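Quick note: the sequence shown uses the working numbering, first residue 518, plus one each step.
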Amino acid sequence: MFSFFKSKKNPADSAETPVSPDTDVQTEAEAESKPEESISFAAKLKQGLARTRQNLGKQLSGLFGGGKIDEALYEELETILLTSDIGVSATQQLLENLRKQVKRDALTDSAQLKEALKESLIAMLEPLAQPLDTTTHKPFVIMITGVNGVGKTTSIGKLAKYFQIQGKSVLLAAGDTFRAAAREQLIAWGERNNVTVIAPDSDPDKKGDPAAVIFDAVNSAKARGIDIVLADTAGRLTTQLHLMEEIKKVKRVVAKAMPDAPHEVLLVLDANTGQNAITQVKAFDEALNVTGLILTKLDGTAKGGVVAAIAGQYPENPPALRFIGVGEGVDDLRPFDARQFVDALFD
């Protein structure tokens with residue numbers, strides 16, 4: 518059966534694509550890479566979550582407009598939370614916490630529940646907010662994975678800019694050797710950020726071995742003293758078990774280039790997939806021991822409650838939600854902040 522990672526007997530050598538500092542790429546790149554100083558990320562987050570806020574926040578404002586706290590209110594709140602993709606487990610936890618607080622603090626008016634719900638939601642999401650520490654290894658190798666269409670390659674480009682702003686040197690590995698134009702897309706991001714891209718041969722008749730490409734990238738980064746390697750991988754469906762086996766091979770080959778690498782396995786999730794994101798987390802974690810998540814396209818969904826759904830599935834040991842994406846700009850991928858996120862959900 519055809520495999521995304523099937524290589525020929527003589528796999529194409531990976532090619533280094535250096536970027537000239539004086540290319541004309543700066544037009545679009547620099548325009549994107551300079552954040553508008555007048556707009557804070559908190560404001561962008563609120564703008565990006567507008568659809569979710571309209572769906573969730575306005576319903577909650579109507580529910581918490583005043584009146585007695587009774588079973589009918591709890592039932593209506595449960596419906597609102599579930600239809601916002603918060604999920605059954607997280608919804609049950611939130612309702613249980615609210616009931617306890619109502620009893621403990623002797624709350625009687627529904628208007629008092631809004632702040633209580635916010636604080637309960639923040640407490641649920643805070644364990645997900647675990648900043649990524651890239652200082653433990655040099656180079657620090659980050660493998661990026663996920664299903665097709667979630668925004669892996671775009672996230673890599675944005676991550677490259679994020680780390681550069683921190684003063685880190687970055688190298689990109691074009692390990693998605695299957696998707697048409699994936700190589701060119703990553704090279705374009707390399708040009709935007711003025712970083713080198715290790716890529717397979719451009720000959721369409723030669724399918725590069727993704728493991729070999731990333732292996733070369735890690736060795737190149739070691740030789741140059743690069744701080745961070747961002748390795749792209751081909752998208753795959755969680756139901757295609759043979760393809761999941763192939764990506765395990767990529768991870769094993771990376772470890773041969775550098776012990777303990779990859780140091781971070783980031784799973785990119787599209788917020789628009791809703792509850793299916795939970796299935797993806799479980800499948801990729803089983804295959805690769807995922808260490809962190811990137812949640813993209815939160816600006817495109819009315820059901821941003823999927824963040825709580827993820828937390829609800831892992832009450833004891835939640836995954837680290839490293840970054841969230843709330844827009845198309847290069848600076849619209851930022852570390853997850855639970856309080857900032859919840860504040861943006863409410864009117």
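Just so it is clear, CB atoms sit at the ideal spot from N, CA and C, and this is done for glycine as well. Since the model is a prediction, treat every value here as computed from it, not as a measurement.
Three-state class that DSSP yields for residue i in the structure shown
i	result
leucine 642	helix
lysine 585	strand
leucine 480	Any answer about residue 480 is impossible in this case: the structure gives the chain only from 518 up to 864.
glycine 844	coil
phenylalanine 858	helix
aspartate 849	coil
phenylalanine 801	helix
alanine 677	helix
phenylalanine 657	strand
valine 782	strand
threonine 600	coil
threonine 671	helix
isoleucine 743	coil
valine 735	helix
threonine 790	helix
leucine 566	coil
alanine 728	helix
valine 714	strand
leucine 624	coil
valine 513	In the structure as shown, the chain begins at 518 and stops at 864. Residue 513 is therefore absent and cannot be evaluated.
valine 824	helix
threonine 608	helix
valine 619	helix
alanine 748	strand
alanine 559	helix
alanine 837	coil
Straight-line gap, residue i to residue j (C-alpha atoms, nearest Å)
i	j	result
isoleucine 597	leucine 638	14 Å
arginine 856	proline 779	30 Å
glutamine 618	leucine 630	9 Å
phenylalanine 863	leucine 566	10 Å
glutamine 576	glutamine 702	41 Å
glutamate 588	arginine 616	10 Å
glutamate 547	leucine 810	Low per-residue confidence applies at glutamate 547: pLDDT is 40, beneath 50, and the placement is therefore not dependable, though the value from the model is reported in the following sentence. The alpha-carbon atoms of glutamate 547 and leucine 810 are separated by roughly 27 Å.
lysine 551	lysine 563	Any reading at lysine 551 must be qualified, since the residue scores a pLDDT of 43, below 50, and its modelled position is unreliable; no value is offered.
threonine 796	glycine 584	39 Å
phenylalanine 801	lysine 620	41 Å
arginine 741	aspartate 848	27 Å
glycine 604	glycine 842	21 Å
asparagine 614	glutamate 632	13 Å
glutamate 763	alanine 748	15 Å
phenylalanine 732	aspartate 726	10 Å
glutamine 681	alanine 716	20 Å
serine 557	proline 835	28 Å
leucine 599	alanine 640	19 Å
methionine 761	alanine 788	22 Å
alanine 559	alanine 677	21 Å
glutamate 593	tyrosine 679	41 Å
serine 737	leucine 634	50 Å
Distance between beta carbons of residue j and residue i, contact taken as under 8 Å
i	j	result
valine 823	alanine 861	The pair is not a contact, with the Cβ atoms about 15 Å apart (cut-off 8 Å).
glycine 791	serine 606	That pair is no contact at about 14 Å.
glutamate 845	leucine 649	No, glutamate 845 and leucine 649 are not in contact; Cβ-Cβ is about 22 Å, not under 8 Å.
Cβ pair residue i, residue j closer than 8 Å
i	j	result
alanine 751	aspartate 693	yes
leucine 645	alanine 826	no
alanine 699	threonine 671	no
leucine 786	leucine 815	no
leucine 642	phenylalanine 840	no
leucine 784	valine 798	yes
leucine 689	valine 658	no
aspartate 744	lysine 655	yes
leucine 612	glutamate 636	no
leucine 624	isoleucine 673	no
lysine 685	threonine 653	no
threonine 569	threonine 818	yes
proline 832	glutamine 647	no
valine 735	valine 746	yes
leucine 516	serine 627	The structure shown does not extend to residue 516, since the chain is modelled only from 518 through 864, so no value can be given for it.
alanine 691	valine 667	no
aspartate 602	lysine 820	yes
Short CB-CB distance (under 8 Å) between residue i and chain C
i	result
glutamine 564	Checking the listed chains, one finds no chain C in this structure; it contains a single protein chain.
heavy atom of the ligand NAP below 7 Å from residue i C-beta
i	result
glycine 817	The ligand NAP is absent from the structure shown, which contains no ligands of any kind.
inquiry  = With three or more beta-carbon pairs closer than 8 Å as the criterion, would you say the region 570-589 touches the region 805-814?
reply    = no
inquiry  = Can you confirm whether the region 659-667 touches the region 764-774 when touching is taken to mean that 3 or more C-beta pairs between the two stretches lie within less than 8 Å?
reply    = A contact is defined here as three or more CB-CB pairs under 8 Å, and the region 764-774 meets this definition with respect to the region 659-667.
key: the region 703-711 touching the region 850-860, judged by at least three CB pairs closer than 8 Å   = no
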